[in-house]
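Engineer: Here it is, the structure in full.
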Amino acid sequence: MASALLTPFNRLGSVWSSATGAAGDRWISPFPEGVVVLGLLAVASVAMARRGHASLRPVALAVGTVAVAVTPVAFGWSRAAGLAVLLALAVTLVACLTLARRPRWAGAFTAAAGPVAALAVATALAERTTTYAALAVLLAACGLAVFTARVPWAAAAALAMAVLSATGLIWAVSVGTGWQPVREGLSLALAIGALPAGLLALRRWSVAAAVSAPHGVATGPALHGVAGGSAAGPAPHGAAGGSAAGPVADGPVADGPAVEAVDGPAVEKATVDGAAVGEAAVEGADDPRRVTGLVLGAVLAALALLPVHAALAEILGFYRPLALPWTPLPASGGRHPLLIVITILVAVAAVLLSWQVAGRGGVLRAGVAAWPVALTALPVSVGLPYGLEVGLFVAGLGPSAWMAARSRTDWAWGGVAALWTASIALSWALMSRPATLVVLPVTAVIAGLTAFYGRAKAVRIAGAALATSLAGGEALAAGMALEWPVRHAAFGVLAVACLAAAVAGGFRTAVFAIGAETAGYALAAVGLSLGAADLPLAALACAVVGVLMAGTALRPDRRWAGYVGTGFLLVASWLRLLASDITVVEAYTVPFSLVLLAFGWWRARSRETSSWVAYGSGLASSLLPSMIAMLTGAGWVRPLLLGAVSLTVLLAGARLRLQAPALLGGLTLAAVALHELAPWIAQVVVLVPRWVPMAAGGLLLVVVGATYEARLGDVRRLRAAVGRMR
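The numbers in my numbering rise by one with no breaks, and the one at position 197 of the sequence shown is 197.
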């Protein structure tokens, strides 16, 4: 019997391959005695159930169902006869679950109808015509049960079977007639099957209560506590007041004997023909048919994309020009004509399901998310000319950009879809120079309009940044189209960056100015990296960036840009000096020191800033490198100039009572003097007799010892004077 039930499922891998034969398998011998035994067990279970053993009723149903299902195999009937028996049994079980009023019995019939229907379909797959007939019969029976079943969960199960039967029938017809291959036909059937599931999820279902009861037993919505429903308000006198899971629903009331009322006197004996059910109206999202349609539609829509995943992956081919810009590439479309149909069907199903889950907002989100996929699937499906493909992508940018600009709640979805569509349009346009030169400004205009008319702050900032970046890309593309070297075309990008900084400064109170300014900085970095091909061009690029930042520093809220601009200008001067083979260290340090001293003087105007903070770095950056160069080099010009400068710094520090210039100038002057006098001192020491240095040293010690107290006071006064300096 197990082999008789499972054998049809072994042929799922080779459908429509055995048009003739018996209902069973050639290795299964007829076994009529097994059917007789099962029939007797079913009859015995029914008899025991009627004598009070209600728990045997499901056993009787299961045993009887198995007995009828294996009868064709047990008696060696033909496959057609066996299929007829299975279909009749499945239709009977579907009718029973439709007419059942008690949820328990409806669930039992549903549990039996599902496997029998699957067995009937597996048996029918041996031949095309039987497959069509079996799926059509199941579709009709289950479709009728969806709208007429009294128990909502049974109707939900019938809905699932009906949708699956319709999906299978569509697949069988599309493949059996030779219209589509197996994989494409399966994908099409799943996509079409998701549509009725989504539509049925939108329906407002209502199941009216249907109760048959004798005197004193309430019916309709007033019945409280009867299986399958409840009603607001108290039950009338004499009605059983239990819960759906209590003894009233599953106990003797349904079987006939009297039962005591929970809240009142005994209820007289009531015989309910067909089982009592108090199904209240089920409306709204609580109806299981809505949930089933929603889940089933989502599953079918997702599965519909799996057979055509290779075709969908070809959408990524539109990004191929990013690796080889302005290089003709072979077209990839025209080989999957069914892809656009499947994509649209899945998109419509997603919109319907989103409507059920999130209302109008869900419809907009699902639609705008599916829009780029459908837009790119069309060229892959039908193989449009290149110019028409690029125009289609640019035109498709409009709806998502409009949603990003005007929507107050779903602007993020529109923005993501717009960026995705724009990336595909720009990437595919890179395959041709004219297309690149046209698509870049058009996309920049769309992004600019989005930034100008956008409602959300993030959209306006992102739109301005994208428009500025695309303008820089257009400048670079125009330069390269004129056969300029990249290092020369990079200055067009720097020009756009300067223009963006000017616009941001002129409209600094506007929200979009943030995006334009940020994109301008990014373009400046790109232009600087592209233009730094050799030292002269790198110096010029740094000078342009320095001027850009210096202009930005004119804004009251961008004072920090002045330091950055000054740094770029200094780097530009250094690079220019290196390009001219200038190795004098002062040519690099003196301009830098002058700039730092100017900034220090600006900071020290309040006379509260320490001279080390204001002038220390500027003086050290010039005096120390020159002193090191003096100690390691030769010549008299550098020591003379360094001595004069250090003396001037020392005198200025003493005159203005500034500690940093006085000490740094004094130390540098001492080093210069020692460096210059050291050779003379060494010569004098060598020429005079040896006792002369010793005598001079002794005399010096005598003088210091004699005037020790006075010299100590002078040192203290000097230290105090230096300490009082700023």
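Note that the Cβ used here is the ideal one computed from N, Cα and C, for glycine as well.
(1) Can you tell me whether DSSP reads S78 as helix, strand or coil?
(2) The alpha helix (DSSP H) that contains T436, what's its start and end?
(3) How would you label E389, buried or exposed, when you count the other beta carbons within 10 angstroms and need 16 or more for buried?
(4) Quick test of the definition: if touching needs 3 or more C-beta pairs under 8 Å, does the stretch 152-159 touch the stretch 298-306?
(5) Under 8 Å by Cβ, that's how I've got A90 and L138 pegged, so tell me the actual separation to the nearest angstrom.
(6) Report the rounded CA-to-CA distance for G251 versus C96, giving the unit in angstroms.
(7) Quick check on the DSSP output: what are the complete alpha helix (DSSP H) runs of length 4 or more inside the stretch 600-676, in order along the chain?
(8) What do you get for Q356, buried or exposed, if any count of 16 or more other CB atoms within 10 angstroms of its CB means buried?
(9) What three-state label does DSSP hand V390 in the structure shown?
(10) Please list the terminal residues of the continuous alpha helix (DSSP H) segment that includes Y521.
(11) Fully enclosed by the stretch 136-194, which alpha helix (DSSP H) runs are 4 residues long or longer?
(12) Decide if the stretch 343-360 is in contact with the stretch 388-404; the criterion is three or more beta carbon pairs, one per stretch, under 8 Å apart.
(13) Looking only at its own chain, which residues have a Cβ that is under 6 Å from the Cβ of E797, when we skip the five neighbours before and after it?
(14) Once DSSP output is grouped into helix, strand and coil, what is the label at H807?
(15) Enumerate, from N- to C-terminal direction, the unbroken alpha helix (DSSP H) stretches of 4 or more residues contained entirely within the stretch 541-588.
(16) Work out the CA separation of V295 and R433 for me, nearest whole Å.
(17) If you measure between the beta carbons of P32 and F75, is that distance less than 8 Å?
(18) Can the beta-carbon of T123 be found closer than 8 Å to that of A157?
(19) So is A634 buried or exposed if we call it buried at 16+ other beta carbons inside 10 Å?
(20) What do you get for I315, buried or exposed, if any count of 16 or more other CB atoms within 10 angstroms of its CB means buried?
(21) Quick check: W413 and V368, are their CB atoms within less than 8 Å of each other?
(22) Identify every run of the alpha helix (DSSP H) within the stretch 311-379, keeping only runs that are complete inside it and at least 4 residues long; order them along the chain.
(23) What did DSSP end up calling L384 once you bin it into helix, strand or coil?
(24) Among residues of its own chain, excluding the 5 on either side of R365, which ones have a beta-carbon nearer than 8 Å to its beta-carbon?
(25) Measure the C-alpha to C-alpha separation of W16 and G293 and round it to an integer number of angstroms.
(26) How is the alpha helix (DSSP H) around F109 delimited, first residue to last?
(27) Is DSSP giving P307 helix, strand or coil here?
(28) From A270 to L159, what distance separates their C-alpha atoms?
(29) Start and end of the alpha helix (DSSP H) containing R460?
(30) Classify I681: buried if its beta carbon has 16 or more other beta carbons within 10 angstroms, exposed otherwise.
(31) Could you check whether T71 and V43 sit closer than 8 Å to each other, using their CB atoms as the reference points?
(32) Residue range of the alpha helix (DSSP H) that R50 falls in?
(33) Between the beta-carbon of F599 and the beta-carbon of L570, is there less than 8 Å?
(34) Rounded to the nearest angstrom, what separates G448 and R460 at their Cα positions?
(35) Could you have a look at P399 and say whether DSSP puts it in helix, strand or coil?
Structural biologist: On the basis of the supplied data:
(1) Here residue 78 is taken as the residue at index 78 of the sequence shown, counted from 1. Reduced to three states, the DSSP call for S78 is strand.
(2) For the purposes of this step, residue 436 is taken as the residue at position 436 of the sequence shown. Segment 433-453, the alpha helix (DSSP H) holding T436.
(3) Position 389 of the sequence shown, counting from 1, holds the residue named residue 389. Within a 10 Å sphere around the beta-carbon of E389 sit 16 or more other beta-carbons, which makes this residue buried.
(4) no
(5) Counting from 1 along the sequence shown, the entry for residue 90 is found at position 90. Counting from 1 along the sequence shown, the entry for residue 138 is found at position 138. Distance from A90 to L138 at the Cβ level is roughly 6 Å; contact confirmed, criterion being Cβ atoms closer than 8 Å.
(6) By 1-based counting over the sequence shown, the position of residue 251 is 251. By 1-based counting over the sequence shown, the position of residue 96 is 96. Residue placement at G251 is poorly supported in this model, since its pLDDT is 37, which falls under 50; the coordinates still yield a value, given next. Straight-line Cα distance between these residues: approximately 21 Å.
(7) 617-632, 637-656
(8) For the purposes of this step, residue 356 is taken as the residue at position 356 of the sequence shown. Counting Cβ neighbours within 10 Å, Q356 comes out buried, since at least 16 surround it.
(9) As a working note, residue 390 is residue 390 in the sequence shown. The answer is helix: DSSP assigns V390 an H, G or I state.
(10) Along the sequence shown, one-based indexing puts residue 521 at 521. Note, Y521: alpha helix (DSSP H), 512-531.
(11) 152-176
(12) no
(13) Nothing about residue 797 can be read from this structure; the chain reaches only from 1 to 726.
(14) Examination of residue 807 is not possible in this model, given that the chain is present from 1 through 726 alone.
(15) 560-579
(16) Numbered from its first residue, the sequence shown carries residue 433 at position 433. Numbered from its first residue, the sequence shown carries residue 295 at position 295. Per the coordinates, the alpha-carbon of R433 lies some 48 Å from the alpha-carbon of V295.
(17) Along the sequence shown, one-based indexing puts residue 32 at 32. Along the sequence shown, one-based indexing puts residue 75 at 75. In this structure, F75 lies closer than 8 Å to P32 by Cβ.
(18) Locating residue 123 in the sequence shown gives position 123, counting from the first residue. Locating residue 157 in the sequence shown gives position 157, counting from the first residue. Their beta carbons are not under 8 Å apart, which means T123 does not touch A157 by this criterion.
(19) Within the sequence shown, the letter at position 634 stands for residue 634. It counts as exposed.
(20) Within the sequence shown, numbered from 1, the residue matching residue 315 stands at position 315. Counting Cβ neighbours within 10 Å, I315 comes out buried, since at least 16 surround it.
(21) For this step, residue 413 is matched to residue 413 along the sequence shown. For this step, residue 368 is matched to residue 368 along the sequence shown. In this structure, V368 lies closer than 8 Å to W413 by Cβ.
(22) none
(23) Walking along the sequence shown from the start, residue 384 turns up at place 384. Residue state, collapsed to three classes: coil.
(24) Here residue 365 refers to the residue found at position 365 of the sequence shown. S354, A358, D410, W413, listed in sequence order.
(25) As a first step, residue 16 is located in the sequence shown; it is residue number 16 there, counting from the start. As a first step, residue 293 is located in the sequence shown; it is residue number 293 there, counting from the start. Near 30 Å, if we compare the C-alpha coordinates of G293 and W16.
(26) Looking up residue 109 in the sequence shown gives position 109. Here the alpha helix (DSSP H) through F109 covers 103-124.
(27) The count along the sequence shown starts at 1 and reaches residue 307 at position 307. Of the three classes helix, strand and coil, the one that applies to P307 here is coil, per DSSP.
(28) Sequence index remark: in the sequence shown, residue 270 carries index 270 (1-based). Sequence index remark: in the sequence shown, residue 159 carries index 159 (1-based). Any reading at A270 is ruled out, since the residue's pLDDT is 36, under 50, leaving its predicted position unreliable.
(29) Looking up residue 460 in the sequence shown gives position 460. Segment 457-481, the alpha helix (DSSP H) holding R460.
(30) Residue 681 sits at position 681 when you count from the first residue of the sequence shown. By the neighbour-count rule (16 or more Cβ atoms within 10 Å), I681 is not buried but exposed.
(31) For the purposes of this step, residue 43 is taken as residue 43 along the sequence shown, with counting starting at 1. For the purposes of this step, residue 71 is taken as residue 71 along the sequence shown, with counting starting at 1. The answer is no: Cβ separation not under 8 Å.
(32) One-based indexing of the sequence shown puts residue 50 at position 50. 32-50 is the extent of the alpha helix (DSSP H) around R50.
(33) What you label residue 599 is simply residue 599 of the sequence shown in a count that begins at 1. What you label residue 570 is simply residue 570 of the sequence shown in a count that begins at 1. No, Cβ-Cβ distance for F599 and L570 is not below 8 Å.
(34) For the purposes of this step, residue 448 is identified with residue 448 of the sequence shown, where counting begins at 1. For the purposes of this step, residue 460 is identified with residue 460 of the sequence shown, where counting begins at 1. Rounded to the nearest angstrom, the two C-alpha atoms are 9 Å apart.
(35) Counted from its first residue, the sequence shown places residue 399 at position 399. Three-state result, P399: helix.
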